[in-house]
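Student: Line order of the protein sequences matches chains A and B.
For the first sequence, my numbering gives the first residue as 1, with consecutive numbering after it.
For the second sequence, my numbering gives the first residue as 1, with consecutive numbering after it.
Pasting a structure here, questions to come.
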Amino acid sequence: MKLQDKVALITGGASGIGAETARLFVSEGAKVVLVDLNEEKGKAFEAELKALNAEALFVKANITSEEDVAASFRQAIEAFGKVDIVFNNAGIGRVQPSHELEYAEWRHTVNVDLDGVFLVAREAIREMLKAGGGTIVNTASMYGWVGSPGSAAYNAAKGGVVNLTRSLALEYAEQNIRINALCPGFIDTPIIPEESKQALSAATPMKRLGKAEEMAKAVLFLASDDSSFMTGNSLIVDGGYTAQ
Amino acid sequence: MSNRFDGKVVLITGAASGLGQATALQVAKEGAKLSLVDLNSGALEETKSKIAEAAPNAEVILITANVADEKAVESYVNETVEKFGRIDGFFNNAGIEGKQNPTEDYGIEEFQKVVDINLNGVFYGMKYVLKVMKEQGSGSIVNTASVGGIRGVGNQSGYAASKHGVVGLTRNSGIEYGQYGVSIKAIAPGAIMTPMVEGSLKQMDPDNWEEVGKQFVEPNPMKRFGKPEEVGYLAAFLLSDQANFINATVIPIDGGQSYKY
């Protein structure tokens, strides 16, 4: 078991890649704190994990609120005594032509996908400095490396996450805090509409979509001691899409 | 998840020391059958005895071969398939550091020698292993590039050219073979304390190489050399089924060093 007695806080932990990662972390011995805006899904998933005899706690929080983020960590520490791992994963995205993108919509996307990631990372670092170390995995995207039409705000924010990851990693490397990012390609989650799946598979050199479980395995590697000499890395898990 | 390599066959070049040896030990502990290739047959025996200690049940064959010799590469791949019937993971790792001096003094022969081993050797390995993996419909290849394959280091023209070449090959062939369920990735180790890096430090100052090493890692964000076993963990992850969707990409393992410049 790679995460025996570790405590992992996962934002966007109620569904998708966050939930799949929580499942894998629990099977590797971790206690998980599921942070999400969606209370219904979050509570149901907490119950599901507890039914498997896992230690899990759901916390409703908006990662763009400094108070909510601080409260999430407080509750995690009250429940489990510490936070060793943070999977900084919550995010949103929508496709829309940029000339029609309202400024409010731009700000909302960047607020969640970049500011929110910073706020969670900042709180994590504060706790990890006290504890003497830890690991953070940010969810960026392959669109932190390449562009695409119709996703200006999302892509700008994800590019920001890639360089935020590098910069924070360099700043805290000597304090035993490792910070890496996961950059998923096209993944088979409900975010991708059924009618797009075939075309996106065909566009990927492996001729298939990635699976949420495959993202979870990459996150486990980055979060565990198996990646002890890696920091600042943005690991691209896209079946080869961005190499084209 | 502790036995990611039960029933799997892993082929490793440059297995007599450093990253190759560390990776061999890691995958052997997790159940792999191993075909180990190196030019140095004596040192290869040392890897075998270390495996016998760490994983007494591991099946291991040793093959002495020069990766720059295409015929020898064809033979090591054939021998592996004859013995084990398949190849699930290929750590295409053998390489040399070459001389260190300015480009105008590097020398044509030295350049050719370094490219022959570090780049042509990797290409030959892929040529023969990909045929096997394509027929199987599965497999993972991990090529050893270097931070010197994604950044300029200086005084290493042959090494830099060959390692940048390995990154290019990885991207190119990953695009081609993904459709067959085969993934190809490169790792880019930075300052890892291997016999090869020790050799480089001794080139800089034979009498004071340990002091030179300390200065060498001073700019590293983690302020230390990586250990071969840390690269072994990464290579094992990438060779396993856990990393099937990681393809045609290069993964630095350098304590954050390449993100600084």
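Idealized CB from N, CA, C, for every residue including glycine.
Using DSSP bridges, identify the partner residues of B:K33.
Tutor: Answer by DSSP bridge pairing, in chain order: B:V9.
Student: Span of the beta strand (DSSP E) holding A:V95?
Tutor: From DSSP, A:V95 is part of no beta strand (DSSP E); its letter is neither H nor E.
Student: Counting beta carbon pairs with one atom in the region 229-239 of chain B and one in the region 119-137 of chain B, are three or more of them shorter than 8 Å?
Tutor: No: fewer than three Cβ pairs fall under 8 Å.
Student: Buried or exposed, going by whether 16 or more other CB atoms sit within 10 Å of the CB of B:E97?
Tutor: Flag for B:E97 reads buried.
Student: Run down chain A in chain order and give the residues with a C-beta less than 9 Å from the C-beta of B:R151.
Tutor: The premise fails here: B:R151 is roughly 13 Å from chain A at the closest Cβ pair, so nothing lies under 9 Å.
Student: Considering only C-alpha positions, which residue in the set A:P184, A:E174, A:E171, A:L170 is nearest to A:G159?
Tutor: Taking only the C-alpha atoms, the option nearest A:G159 is A:P184.
Student: Could you pull the start and end residues of the alpha helix (DSSP H) that B:T249 belongs to?
Tutor: Counting along the chain, B:T249 falls outside any alpha helix (DSSP H), though it belongs to the beta strand (DSSP E) covering 249-253.
Student: Can you give the Cα-Cα distance for B:M193 and A:A44, rounded to whole angstroms?
Tutor: Whole-angstrom Cα-Cα distance: 48 Å.
Student: For A:Q96 versus A:G150, is the C-beta distance shorter than 8 Å?
Tutor: Yes, these two residues count as a Cβ contact at 8 Å.
Student: Can you check whether the CB of A:K207 is closer than 8 Å to the CB of B:Q242?
Tutor: Not closer than 8 Å, so no.
Student: When burial is assigned at 16 or more other CB atoms within 10 Å of the CB, is B:T144 buried or exposed?
Tutor: The residue in question, B:T144, is buried, as its Cβ has 16 or more Cβ neighbours within 10 Å.
Student: Report the start-end ranges of each beta strand (DSSP E) in the region 41-76 of chain A that is 3 residues or longer and not cut off at the edges.
Tutor: You should have 56-60.
Student: Along the chain, where does the beta strand (DSSP E) that runs through B:F245 open and close?
Tutor: Element bounds for B:F245: n/a, residue is neither H nor E.
Student: Considering only residues of the same chain and omitting the five flanking positions on each side of A:G12, which have a CB-CB separation below 7 Å?
Tutor: Hits under 7 Å: G18, D36, N89, A90, G91.
Student: Does A:F229 have its Cβ less than 8 Å from a Cβ in chain B?
Tutor: Judged by the 8 Å Cβ criterion, A:F229 is in contact with chain B.
Student: Tell me which residues of the region 238-253 of chain B have at least one Cβ-Cβ distance to chain A shorter than 8 Å, keeping chain order.
Tutor: Against chain A - using a Cβ distance shorter than 8 Å - the residues of the region 238-253 of chain B are Q242, A243, N244, F245, I246, N247, A248, T249, I251, P252, I253.
Student: Could you tell me whether the Cβ atoms of A:N80 and A:V219 are closer together than 8 Å?
Tutor: In the sequence on display, residue 80 of chain A carries Phe and not Asn. The answer is no: Cβ separation not under 8 Å.
Student: Considering only the alpha carbon of each residue, which of B:S49, B:D38, B:L11 lies closest to B:A32?
Tutor: Checked all of B:S49, B:D38, B:L11; the closest Cα to B:A32 is B:L11.
Student: Since A:G240 meets chain B, which of its residues come closer than 7 Å, beta carbon to beta carbon?
Tutor: Going along chain B in sequence order, the residues near A:G240 (Cβ under 7 Å) are G174, I175, G178, N247, A248.
Student: Measuring CA to CA, which of B:G137, B:G95, B:A72 is closest to B:A15?
Tutor: Per the Cα distances, B:G95.
Student: Would you tell me roughly how many angstroms separate the C-alpha atoms of B:P56 and B:K50, rounded to the nearest one?
Tutor: Near 9 Å, if we compare the C-alpha coordinates of B:K50 and B:P56.
Student: Taking B:N66 as the reference, which of B:A28, B:Y124, B:K83, B:Y106 has the closest Cα?
Tutor: Checked all of B:A28, B:Y124, B:K83, B:Y106; the closest Cα to B:N66 is B:Y124.
Student: Under 8 Å between C-beta atoms, does B:Y259 make it to chain A?
Tutor: Yes, B:Y259 counts as interfacial toward chain A.
Student: Identify, in the order they occur along the chain, each residue of the same chain with its Cβ nearer than 7 Å to the Cβ of B:M1, setting aside the five sequence neighbours on each side.
Tutor: Interpretation of B:M1 is limited by its pLDDT of 46, a score under 50 that renders its predicted location unreliable; the figure taken from the coordinates is listed afterwards. No residues qualify anywhere along the chain.
Student: Quick check on B:Y265 - is its C-beta less than 8 Å from some C-beta in chain A?
Tutor: Residue 265 of chain B falls outside the range modelled here, since chain B spans only 1 to 261, and no answer is possible.
Student: Three or more C-beta pairs under 8 Å: does that hold for the region 107-118 of chain A against the region 57-68 of chain A?
Tutor: These segments touch.
Student: Is DSSP giving B:M1 helix, strand or coil here?
Tutor: Its pLDDT being 46, under 50, B:M1 is placed unreliably by the model, and the measurement read from it follows with that caveat. Residue state, collapsed to three classes: coil.
Student: So B:R151 packs on B:A248, CB below 8 Å; how close in whole Å?
Tutor: That pair is no contact at about 20 Å.
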